Ligand SMILES: Cc1ncc(COP(=O)(O)O)c(C=O)c1O
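Numbering (my numbering), first residue to last: 166 to 546.
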């Protein structure tokens, strides 16, 4: 079976985790700090706050900017469910924004339309707290356009950069453009710490709040004379030292891994040229890191996607859908009454997207086999 992903774990990762276990110092300490420093150097922000996973990172980001029950957060419609869940977990309401069907990313024109609708709502408009685009599948959203729309609306942009470590947009690095960025180090990401996440921000005061929120609400730099450190109700979303140690060794491989993924993605692109399977669209100025290589099936084959996935599996290729149409998932559909047609571009890509195997150790022969198997299967349904 050609797996959808295989993490790049090597001797240095194993040695780092072993050394940490032997040290007896297992929770958030110097190794986590070293990983945060490596992330800060990679992303280019002053502050990095490592946490347990990107879900926690996004949740803490919303809490830190003061999202409270009854607030609204503009969020892309097509993403892993976390991106909307964290808004609900704050007691706030997601206001979904449709995507550009070519890039799968939040469409700036759709964001403008949503804001115009909200402008008519008077008091409700005042509850708008942030815009939360996702850098879907490792390609940055148009942060220039989205960022300036958010600034005009007087709200911060939070980047869900879970999949996008190393990605760029017109030279800007993922996680460095918005008020805060959130990353994941889940094994399906370019580098992994098992579970793991990080927040990036240039705002020192916000970083201090985030550090308190991840550690039981303890102020990391207490004021002189403070009798105790507990300044707010906080979570425990600290990273372990094993994860921190592995993050450091993994980070050293990032450039190598991304280079390999880009090369393999270009080979896939070549194999699909002129066929009825659409390879990922990469606009000028975008540095895509291909956390996932996501194709679009021809419209006529959309209904057969489950059969296509089953046939690929039979023929030794592990594949999956793209990601989720969040407004149409059970919880959001039932609570807010969304229907097909409300987000037409998300409807389309949710039906047609198909993710193919991609990992650093994949061979050219495996890419060719996956591509030819997919083309063969699509032509037979
Ligand atoms: C876009 C996006 N946001 C957030 C997450 C959540 O990341 P984690 O699994 O680290 O909580 C994911 C996970 O895949 C994701 O794809």
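Glycine included, each C-beta is placed from N, C-alpha and C at the ideal position. Predicted, not measured: the structure shown is a model, and the values here were computed from it.
Within the DSSP secondary-structure output, residue 363 pairs in a beta bridge with 215, 348. Per DSSP, reduced to three states, the secondary structure at residue 503 is coil, with no helix or strand assignment.
Shown here, residue 337 sits in a strand according to DSSP, grouped into three states.
Between residue 358 and the set 366, 531, 378, 196, the nearest pair of CA atoms involves 196. A check of alpha carbon separations from residue 447 across 508, 175, 460 identifies 460 as the nearest. Residue 259: member of the beta strand (DSSP E) spanning 258–262, first to last residue. The chain-ordered list of residues whose CB is nearer than 6 Å to some heavy atom of ligand 1 reads 218, 219, 220, 244, 245, 247, 248, 299, 325, 327, 328, 349, 351, 362. Bounds of the beta strand (DSSP E) holding residue 325 are 323–325. Between residue 455 and residue 429, the gap from beta carbon to beta carbon is short of 9 Å. Secondary structure at residue 440: coil, using DSSP grouped into helix, strand and coil. Nearest in C-alpha terms to residue 193, of all of 181, 314, 380, is 380. Between residue 274 and residue 296, the beta carbon gap of about 14 Å keeps them out of contact (Cβ cut-off 8 Å). The beta-carbon distance between residue 262 and residue 279, rounded to whole angstroms, is 5 Å. This is short enough to meet the 8 Å contact definition.
In terms of Cα proximity to residue 290, the closest of 538, 318, 304, 301 is 318. Comparing alpha carbon positions, the residue from 353, 304, 533, 330 closest to residue 451 is 304. A straight-line Cα-Cα distance of about 18 Å links residue 252 and residue 349. Residue 210 places its beta carbon less than 9 Å from that of residue 340. Between residue 244 and residue 491, the beta carbon gap of about 6 Å places them in contact (Cβ cut-off 8 Å). In the three-state DSSP reduction, residue 304 falls in the coil class, being neither helix nor strand.
Beta-bridge pairing by DSSP links residue 451 to 334. The count of Cβ pairs closer than 8 Å, one atom from the region 428–444 and one from the region 213–222, stays below three, leaving the stretches out of contact. By alpha-carbon distance to residue 513, the top candidate from 536, 230, 266 is 266. In the displayed model, residue 228 falls within a helix according to three-state DSSP. For residue 456, the three-state secondary structure derived from DSSP is coil. For residue 542, the number of other beta carbons within 10 angstroms of its own is at least 16, and it is reported as buried. DSSP places residue 269 outside both helix and strand once states are collapsed to three, so it counts as coil. Nearest neighbour of residue 540 by Cα position, chosen from 207, 468, 436, 167, turns out to be 436. Inclusion of residue 352 and residue 170 in the CB contact set at 9 Å is warranted, their separation being smaller than that value. A check of alpha carbon separations from residue 536 across 363, 345, 519 identifies 519 as the nearest. Within its own chain, the residues whose Cβ lies closer than 7 Å to the Cβ of residue 326, once the five positions on either side in sequence are excluded, are 300, 339, 340, 346, 347, 348, listed in chain order. The residues 298, 322, 324, 334, 337, 342, 343, in chain order, have a CB closer than 8 Å to that of residue 308 in the same chain once the five nearest residues on each side in sequence are set aside. In this structure, the straight-line span from the alpha carbon of residue 532 to that of residue 473 is close to 17 Å. Per DSSP, residue 186 is one residue of the alpha helix (DSSP H) stretching across 176–188.
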